[in-house]
Each structure stands twice: as structure tokens, then as C-alpha cells.
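The opening residue of the sequence shown carries number 7 in my numbering; numbering runs sequentially from there.
Backbone N, C-alpha and C define an ideal beta-carbon position, used for all residues, glycine too.
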Amino acid sequence: MNLVIVESPAKAKTIKKYLGPDFDVVASYGHVRDLVPKEGAVDPEHGFAMKYQVIERNEKHVQTIAKKLKGADALYLATDPDREGEAISWHLFELLKGRRQLGERAVHRVVFNEITKRAVQEAVANPRELSLDMVNAQQARRALDYLVGFNLSPLLWKKIRRGLSAGRVQSPALRLICERESEIERFERHEYWSIEADLDRDAKRFVAKLIQLDGVKLEQFSITDGERAETVRQQLEQAAAGTLVVESVKRKQRKRHPAPPFTTSTLQQEAARKLGFTAQRTMRVAQQLYEGVDVGAGAVGLITYMRTDSVNLAQEALEEIRQCVADRYGADHLPPQPRFFKTKSKNAQEAHEAVRPTSVLRDPASLKPYLNQEQQRLYELIWKRTLACQMAHALINQVAVDLSAGDGNLFRATGSMVAEPGFMRVYLEGRDDAKGGDDDEERMLPEMNEGDHVTLLGIRPEQHFTEPPPRYTEASLVKALEEFGIGRPSTYATIISTLQDREYVVLDKKRFLPTDVGRVVNRFLTEYFTSYVDYDFTARLEDDLDAISRGEVDWIPLLERFWQPFKEQVDHTQANVKRSDVTQERIDEVCPKCGGQLSIRLGRNGRFIGCTNYPDCDYTRDLNPDQGEAEAPEVVEGRSCPECGSPLEIKRGRYGKFIGCSAYPKCRHIEPLEKPEDTGVPCPKCGKGTLQKKKSRRGKIFYSCSTYPKCDYAVWDQPLDEPCPRCGWPVLTLKVTKTKGASKVCPQKECGYRAPVEQPGGEDEGG
7 MNLVIVESPA KAKTIKKYLG PDFDVVASYG HVRDLVPKEG AVDPEHGFAM KYQVIERNEK
67 HVQTIAKKLK GADALYLATD PDREGEAISW HLFELLKGRR QLGERAVHRV VFNEITKRAV
127 QEAVANPREL SLDMVNAQQA RRALDYLVGF NLSPLLWKKI RRGLSAGRVQ SPALRLICER
187 ESEIERFERH EYWSIEADLD RDAKRFVAKL IQLDGVKLEQ FSITDGERAE TVRQQLEQAA
247 AGTLVVESVK RKQRKRHPAP PFTTSTLQQE AARKLGFTAQ RTMRVAQQLY EGVDVGAGAV
307 GLITYMRTDS VNLAQEALEE IRQCVADRYG ADHLPPQPRF FKTKSKNAQE AHEAVRPTSV
367 LRDPASLKPY LNQEQQRLYE LIWKRTLACQ MAHALINQVA VDLSAGDGNL FRATGSMVAE
427 PGFMRVYLEG RDDAKGGDDD EERMLPEMNE GDHVTLLGIR PEQHFTEPPP RYTEASLVKA
487 LEEFGIGRPS TYATIISTLQ DREYVVLDKK RFLPTDVGRV VNRFLTEYFT SYVDYDFTAR
547 LEDDLDAISR GEVDWIPLLE RFWQPFKEQV DHTQANVKRS DVTQERIDEV CPKCGGQLSI
607 RLGRNGRFIG CTNYPDCDYT RDLNPDQGEA EAPEVVEGRS CPECGSPLEI KRGRYGKFIG
667 CSAYPKCRHI EPLEKPEDTG VPCPKCGKGT LQKKKSRRGK IFYSCSTYPK CDYAVWDQPL
727 DEPCPRCGWP VLTLKVTKTK GASKVCPQKE CGYRAPVEQP GGEDEGG
């Protein structure tokens, strides 16, 4: 008997059926060890020695592995084929060795890019040793993140406010969002005008745009006001006298080639654009497709490994894709030779493959009965992109017609149509913030030849204003992170979710907006730790980590080069920077109440303008005066502050309206605008309060004890006033998922009790 270790039970279940009775497959449930969660876990004074401990929740899984290992002849470590997977295998190996549970057994490392019978059996037949280079690269990354977090976070507590934290890659990502917001705020709108002609030819109407006036080519700001535009309109109408003359007709045909197959980054971008998925949701669903889904004859891995920056496709995959294209669309939709794409990432793992279906013969329609809605949508996206990348190019016919309105005045009409759709029959790549319309839209022009006369229906001046750069969406932020070399594709989802969890950024109309706290943290880091949030510095560090994983660079010298100047900067900032230097930003204005200096300050509910002579002077006002006047606080009739007796007001904060004391900042009493709904279920922890339905700052429903903060018990799912039949915990919760429907679940995770609940009317499968 041989023992195989993977990360998850879903992956274990899929692999087990490919290996037969001579193999037992067990899950480690992710990492089994991590750094001890306190200062000193990484010791720079002793060669950056790292102190690890078993993750408490996974100790039982380690014991299960050790028990099964007793009856095994060999150990196969089959975790994911990246640095993270290598580190999980190494930690397990070190733990078992340290506990003297390995004995003389052979230990093999096996890797596969897809969970199919051929790939798994081939990997087991050709094992390798653990790669210490990959492990050391992961250790270096973990050490760097630890050193930054454990040194910068306490500094943020002292200089800004408690509870804040900073990360090595999250901080440059925050800088991106804050700098974009600053660009938007500094942006000055400029007016400009375009002149368009409505034309008719053989009862077909079309539009042409003025490109030349009095022999001079028009630029964007050639016409900047309505008066000038009206003068030009009258001049052109008089010169044209109801007719434009065709001066030239230029026709050309251009080729459009398909996009390469998905990498982690492009998959996250397209899923955000086309499906509305967050990066985190995309990776979660992709993990399910990779680890295996039961498609009627047992679980099978439906896509290749989804953490990759390669655009390569295996030779056998190319042959299958080309055959599928020929069968479905005909041989004329195939290029003469397979398409090969070049990766944009200079450190791409070329041995890996792009994200693709393990077999394109499993088309989305055939899998629909076995996948939930989000699995189906993501699989279809991957399947279409993979098929399209090996199809023939599209042919676009384009025509540009120049028409004169008197001497020296030219209008241009453009049109396009798809002559041969090629790959566009299957898939077309999405775009971020496309301007000027979609250039793939067909705009047919009537047939025209040089010298023809075209009827002028009218000339229209059109007013325009320049637009500021757009805020980042999930897709455009992932693209920017990749372009700047911040993090690696496998970390993008974590970077984005961490910024949101720390409340440094919020999503507003699907675009990232920095919070007041996020802006203050960013200003502190960019001013006092400039190089550590510098995009080039961050990218070079990622390159160095990649070099370690390839065995080209030693990891200890890298840490030494980073640590010394970083620690000196931390100590200098600690000693020489005052809290007011960070949380206050002086403005060129005096206090109208005492004549003191005003500054932008960070308060409990965000930034505001206040007097630097506080507490002697209590003058404050909203950071945006116009908004402050438009939304003056509304007095709560018949109520006064329970703490100081002042009138209560309805105010607006970052997370909506709330009730607060009018004497703020002297009195900081606040309460929710709406009373929480009481479920009547007694709190199982303190027994004194009841569980109330509340909303988190990010709008998610949860249930917590009415005596908070005295009792901090809370659950995400609706509580039920009945004890768990397995462990006796006083309450159960009602959990509803698309895959399992409604279930009664014990909130005590170690219990694991779950029982189905019949819901009247059936389960809602809506999006």
C-alpha cells in the first residue's frame, strides 16, 4: 500500500479512482504548519531562522496521515504544482520526519497540471524529489511578509489608530487606487466640440465627422466653445449648399487574431468583465472545476491547474482542440498550423500550461446537468476561450469615405463589417473602459464612388467634455497589478480581498474607492516608506523570489539586503514622526472661530476639517463644504444623548446614515439608525441576551448578541432555537446553499452536524 497526500478532500476523491487499490489518498486540508503568530517567529539575528508550529485545526488531519502511514510502503506528496504546493509538501515531510513517523519509507514528490487518469498515473510513475529551491522561495516570501507586517502594523497603531495593518504587496496595490483617486480629484474638465453631418445616399442614412476645416486638420481642441461651433456650422452649410461630394473611397481588409488561452490573470479579468465575478469568487469556482466534479461516472477534473502565467498548450490538447473545431465548424475555420502564443510575463513558468478544459470534448451543454450555475458559467468561458484560440482569424472589411463641403472642408465617414467571423463565432475578448463605442460593431455604409454627390440632411455641432481616468474595476486592477509586477497571479484575489477586509477601499458601482483611513495609511507609507511601496522595488522583489525558486539566487542574502535598511527606517519613523504629522494635513486656511491653523484630520467617521488648537477650539466642518450644506444633520425629535444630554442628530458616515451626538467630538455617542430585528433566540454563549439580525459594514447580514460588547457571540446564518442533537449546543443555524439546499447546521465547527430541511416551494436557483 502507498499513501498519497493532497490538499483537499475533493481532490483526494477524484485522484483515488485513478490510482486503484494499491494507493490510499488522504487530504492535508491545506497547510499543516505556519509561523508562530507572535513576534520573533522570524529571527534576523540568527540567519532568519523561522519558528513553525502545527496549525491547531489541522492537527487531527496530521494524526490521520501518520496513522495511515504506518501501513504504507511509500509516501507520495501530490500537492499543487506551484511554490505554495511545494511548501505544503515540505512542511508535512519535515513534521513527519521531526516526529520520527517516516521511518525508512521512500518519499516521492509528484506533480500534475490536470487531474485526469493519464496525468495522475504518469506523475506517479515519474516522481521527483522535493524542490528546496521552490520551498526556500516560499519561505523567503513568508518571511518578508511577516517582517513587514509585524514591524509596520504596530507603527500604524501608534501613528494613526489601533487595529490597522500593512502588507508587503497590499500597500503598493493601495497606492495604485489612491493615486488614481488623486488624479480624478485633480482633473480639470475641458470643453470641446465636434461637427457631424447627417447624410443620405440612396435612402440609406449615415453620419460623417468633420476632420478638416479651411485646409487645416482638426485636432481635439480646435473648436472649444458653442459660439465657434455654430459659426463653423453655418459656414459649412453655406459652402455645401445641401450636397457633399465624395473625394476618396479607401477600402481595406484587416485580420483580427484570437486572444491566447487563459492565464490566472486574464481569467480573473474576463470573469469580472463578462460574469461579474470577483477575483476571489473566480478562483474559488476554478478550484472546484480543477479538483473534480461528479459528471455522472464519478468525479473528474474539468480544467487544468488555474494558478499559472503560461499560455502554452500541451501537444495532445492542441490536437484535440483542432479536431473539435474541424468537427463543429469545418476545416475552413482552422489555421494551417496550431497557434502558439508568447507570454507577456518574463518569469512565466513555461513548464506549466494555460488554463484550459482537460478535454474540449466535454462541451458546456453536456455538463450543464452536473454543474451549479457559477461552475457552468466559468467552465463555458474557459471552454470558449480555449476553442477560439486555435481557430482561424476573423476578416474585417473597413471603408473610409472622405466627402467635401466646399474647398478645404472634409468630412469622413467610416464603416466596417465582418467578412469572415472565424474565431469570433465562438468568443470575443472583453475590454476595460472602452471609449468611442465598440469598434467590432458593424457600421454599414451605402455604396459610394469618387465624384458621387451625397445629400446633406443637416450639420450638427456636438458638445463634449474631457473625462478623468476611470476608477479601477476588479478587472482593470488585476491588469494593473500584473503590469506593475505587484504580487503574482495566484495572489491577486487575496490582495484585493485584504484591502476590502481592512476597509482601506470600498466598491462603489463596481469600482474601487479608497476610504479615508486607506488614504491616510497610503500617505503615511508613501511619505515615510517610499521605496517599500515603490512599484519597481516591489516588482524587483518578486523577480528575486522567482530567481530563488529557479535556484539562481540564495534566499538568506536577499532577506539580509531587505531587512537592515527596512528596520532602520522603522526605528527612525518611530522616534521622529509624531501622530499629528500623519493624521493631520494642514491646509492654507485659518480657523474662523479662533484664528488658528486648520487641517484635514482623521476622525472616527472619516476625514474632516478641524482646528489644530483642539481641544481649546472645537471648530470642525465637513471636508466637502458643498455636501455639508446640502446634507445638514437632521435633529432627532424628542430624543437627547444618553451620555451628555445634547440633541441627537441623523448623520452620514462612510457606511450610510446613523444617529450621533451633536456635541461630537466632545461626545462620541453613536447608535444605528434602525433598531436591529430581534430573533428571540437566546444567546448560547452568555444566556442573558438574544440574537439580533444586523448588517456588517460591508452590507452582509449576521446575527449577534444584544448585549454586545459585553458578549461577542455572532453567527452568519439565521439562528434556530433548538439544540444540536449531536453535541447539545443550545442553537442550530439555517444554512442555504445552491448545491445542498437548506440545512440545519451546528455552528460549532468541530461538531459537523448537518441535516437537510424541506423548503416549501423548492429552492430558488436564481442568479
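Inset, instruction - Decide yes or no for the touch test of the region 163 to 181 against the region 72 to 82: beta carbon pairs closer than 8 Å, at least 3 of them. - result: In short, these stretches do not touch, since the Cβ pair count stays below three.
Legend entry - Three-state class that DSSP yields for ILE492 in the structure shown: coil
Legend entry - Boundaries (first-last residue) of the alpha helix (DSSP H) holding HIS67: For HIS67, the enclosing alpha helix (DSSP H) has its first and last residue at 65 to 75.
Inset, instruction - Would you verify that the beta carbon of LEU451 is, or is not, closer than 8 Å to some beta carbon of chain B? - result: The displayed structure is made up of one protein chain only, and chain B is not part of it.
Legend entry - DSSP-derived helix/strand/coil call for SER712: coil
Legend entry - DSSP three-state assignment for LEU738, whether helix, strand or coil: LEU738: strand per DSSP, three-state reduction.
Legend entry - CA-to-CA distance, LEU373 to GLN382, given in whole angstroms: 8 Å
Legend entry - For LYS103 and GLY109, the rounded distance between their alpha carbons: Taking the straight line from one Cα to the other gives about 8 Å.
Legend entry - Three or more C-beta pairs below 8 Å linking the region 544 to 552 and the region 491 to 507: yes
Inset, instruction - Look at ALA277 and LEU409 and say whether their C-beta atoms are less than 8 Å apart. - result: no
Legend entry - Where LEU697 falls, given that 16 or more other Cβ within 10 Å makes a residue buried: buried
Inset, instruction - Ignore the nearest five residues each way along the sequence and tell me which others in ALA481's own chain have a CB closer than 7 Å to its CB. - result: GLN275, ALA278, ARG279, ASP438
Inset, instruction - Have a look at ALA18 and MET56 and give me their C-alpha separation to the nearest angstrom. - result: 30 Å
Inset, instruction - Could you check which residue in PRO682, GLU683, PRO648 has the C-alpha nearest to that of GLY666? - result: PRO648
Inset, instruction - Give the DSSP-derived three-state secondary structure of VAL539 in the structure shown. - result: helix
Legend entry - Cβ contact check for the region 317 to 336 and the region 130 to 144: 3 or more pairs under 8 Å: Taking 8 Å as the limit for Cβ pairs, the verdict is that the region 130 to 144 does not touch the region 317 to 336.
Legend entry - Reference GLY232; option with closest CA among ILE201, LEU224, GLN218: Ranking ILE201, LEU224, GLN218 by Cα distance to GLY232 puts ILE201 first.
Inset, instruction - Tell me GLN404's beta-bridge partners as DSSP assigns them. - result: LYS258, SER422
Inset, instruction - Just grab the DSSP bridge partners of SER749 for me. - result: LYS741, PRO762
Inset, instruction - With a threshold of 16 other CB atoms inside 10 Å of the CB of PRO375, please say whether the residue is buried or exposed. - result: Classification of PRO375: exposed, given that the 10 Å Cβ count is below 16.
Legend entry - Chain-order list of residues whose beta-carbon lies under 6 Å from that of ASP727 (same chain, five-residue window excluded): Result list for ASP727: VAL687, in chain order.
Legend entry - For LEU608 and GLY524, the rounded distance between their alpha carbons: When rounded, the distance between both Cα atoms is 11 Å.
Inset, instruction - Name the two residues that bound the continuous alpha helix (DSSP H) containing SER14. - result: Premise fails: SER14 is in no alpha helix (DSSP H) and is neither H nor E.
Inset, instruction - State the Cα-Cα distance for the pair SER646 and LYS663, rounded to the nearest angstrom. - result: Looking at the two C-alpha atoms, the distance is approximately 18 Å.
Inset, instruction - Mind the definition here: the region 712 to 724 touches the region 739 to 750 only if three or more C-beta pairs lie below 8 Å; say whether that holds. - result: yes
Inset, instruction - Could I get the ranges of all uninterrupted beta strand (DSSP E) runs contained in the region 78 to 149, with 3 residues as the minimum, in chain order? - result: 80 to 83, 112 to 115
Inset, instruction - Look at the Cβ atom of MET312, then the Cβ atom of GLN293, and state whether they are nearer than 8 Å. - result: yes
Inset, instruction - May I ask you to list the residues that DSSP assigns as paired with PRO520? - result: Here PRO520 is bridged, per DSSP, to VAL511.
Legend entry - Other residues of its chain near PRO736: CB distance less than 6 Å, five sequence neighbours each side excluded: Excluding residues within five positions, the ones whose Cβ falls inside 6 Å are PRO690, PRO729.
Legend entry - the region 307 to 323 contacting the region 115 to 127, beta-carbon criterion three pairs below 8 Å: yes
Inset, instruction - Name the two residues that bound the continuous alpha helix (DSSP H) containing GLU187. - result: 176 to 192
Legend entry - Three-state class that DSSP yields for PRO571 in the structure shown: helix
Inset, instruction - Tell me, please, whether the region 566 to 576 touches the region 598 to 607 by the rule of three or more beta-carbon pairs shorter than 8 Å. - result: Between the region 566 to 576 and the region 598 to 607, the count of C-beta pairs closer than 8 Å stays below three; the two stretches do not touch.
Legend entry - Per DSSP, the bridge partner or partners of TRP199: Per DSSP, the beta-bridge partners of TRP199 are GLN469.
Inset, instruction - Under the assumption that GLY436 contacts HIS399 (Cβ atoms under 8 Å), give the Cβ distance between them as a whole number of angstroms. - result: Incorrect: roughly 19 Å between the Cβ atoms, too far for contact.
Inset, instruction - Assign ASP139 to one of two classes, buried (16 or more other C-beta atoms within 10 Å of its C-beta) or exposed (fewer than that). - result: buried
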